[in-house]
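Mapped onto this note's numbering, the consecutive letters of the sequence shown carry residue numbers 13 to 230.
One structure is given below, encoded as structure tokens.
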Amino acid sequence: MSGHSQSNQDPGTPGEQSRRQFLANASLAIGGVIGLVIAVPCAASLIPESLLKPGTGGGTWAPLSSNELKSFEANTDSPVKMTFGFQYQDGYLPPAEDEQFVWGVKLSPDQVASFRTNRPDLFANPAGKVDYPAIVMNFVIFSSVCPHLGVRYNWDAGAKRFICPGHGSQFSLQGARLAGPAPRGLDPLPFRAQNGKAEVTWIQYKAQEPDRIIVAYS
Ligand code: FES
Numbered sequence: 013m014s015g016h017s018q019s020n021q022d023p024g025t026p027g028e029q030s031r032r033q034f035l036a037n038a039s040l041a042i043g044g045v046i047g048l049v050i051a052v053p054c055a056a057s058l059i060p061e062s063l064l065k066p067g068t069g070g071g072t073w074a075p076l077s078s079n080e081l082k083s084f085e086a087n088t089d090s091p092v093k094m095t096f097g098f099q100y101q102d103g104y105l106p107p108a109e110d111e112q113f114v115w116g117v118k119l120s121p122d123q124v125a126s127f128r129t130n131r132p133d134l135f136a137n138p139a140g141k142v143d144y145p146a147i148v149m150n151f152v153i154f155s156s157v158c159p160h161l162g163v164r165y166n167w168d169a170g171a172k173r174f175i176c177p178g179h180g181s182q183f184s185l186q187g188a189r190l191a192g193p194a195p196r197g198l199d200p201l202p203f204r205a206q207n208g209k210a211e212v213t214w215i216q217y218k219a220q221e222p223d224r225i226i227v228a229y230s
């Protein structure tokens, strides 16, 4: 996409550079699709064809640990940090393993209703909304990348909000921006079923933009 050429022209901040390195690695991952596998029954694939272009499918899948899975299914008042491994190859170096993470939020029925109200950026704003269901089977998966400058944010259990150590941006459990310089709320990732298992695909959105502009997807 054009986002690749834009990002190559500007070296950016250390956070952006680190993110680009991850994306460069991810783009070389076997098959290109990064996924989590969790043992929840799901409907058919929900990732739109427009995102999964020919040649990008395949899959490097990693199972959630049983503890993560139990936490994810049971928690509706706090998120679950879910790690996954993927294999990548950098140039002529041998294939290597890397690990990344996303945040999973299980919504109660009431929270599903309020999510649409609390996240108008995903549903009402044509330029910022996502081209796939943000909620699947009452689950939302958030990219771990802060939409300000790409630092990995964390969940603060005391404050009951996500807080980014980069520049202090804060987000609600549903990913709505509460404070700080982040230009938008947290970015959900596509979540779908594959052979009875659930998978998430990694999408990189452009930092520092109020709207969601896809830089790359894996
Ligand atoms: S990277 Fe600046 S607030 Fe997160």
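Glycine residues also receive a C-beta, built at the ideal position from the N, C-alpha and C atoms.
DSSP places Val124 within a helical segment (H, G or I) once states are collapsed to three.
The DSSP-derived three-state label of Asn87 is coil. Rounded to whole angstroms, Leu198 and Ala125 show a C-alpha spacing of 18 Å. The alpha carbon of Thr95 has as its nearest neighbour, out of Cys158, Thr88 and Ile153, the alpha carbon of Ile153. Here the alpha carbons of Gly192 and Pro159 stand approximately 11 Å from one another. C-alpha of Arg173 to C-alpha of Pro200: approximately 16 Å in a straight line. Between the stretch 125-144 and the stretch 214-224, the count of Cβ pairs shorter than 8 Å is three or higher; the stretches touch. Spatial neighbours of Ala171 in its own chain (CB-CB distance under 7 Å, excluding positions within 5 residues in sequence) are not present.
Contact between Phe113 and Leu119 is ruled out by a C-beta separation of about 20 Å, above the 8 Å threshold. In the three-state reduction of the DSSP assignment, Thr95 falls in the strand class, which pools E and B.
With a cutoff of 8 Å, Pro193 counts as near ligand 1, since its C-beta is closer than that to a heavy atom of the ligand. Sequence-distant Cβ neighbours of Arg164 in its own chain, meaning closer than 6 Å and more than five residues away, are Ser156. Between the alpha carbons of Gly187 and Glu111 lies a distance of about 23 Å. In the structure shown, the three-state DSSP call for Leu190 is strand. The beta carbons of Val92 and Gly116 sit closer together than 9 Å. Note on geometry: alpha-carbon atoms of Gly178 and Leu161 lie some 8 Å from one another. Our two residues, Lys218 and Arg196, have alpha carbons roughly 11 Å apart in a direct line.
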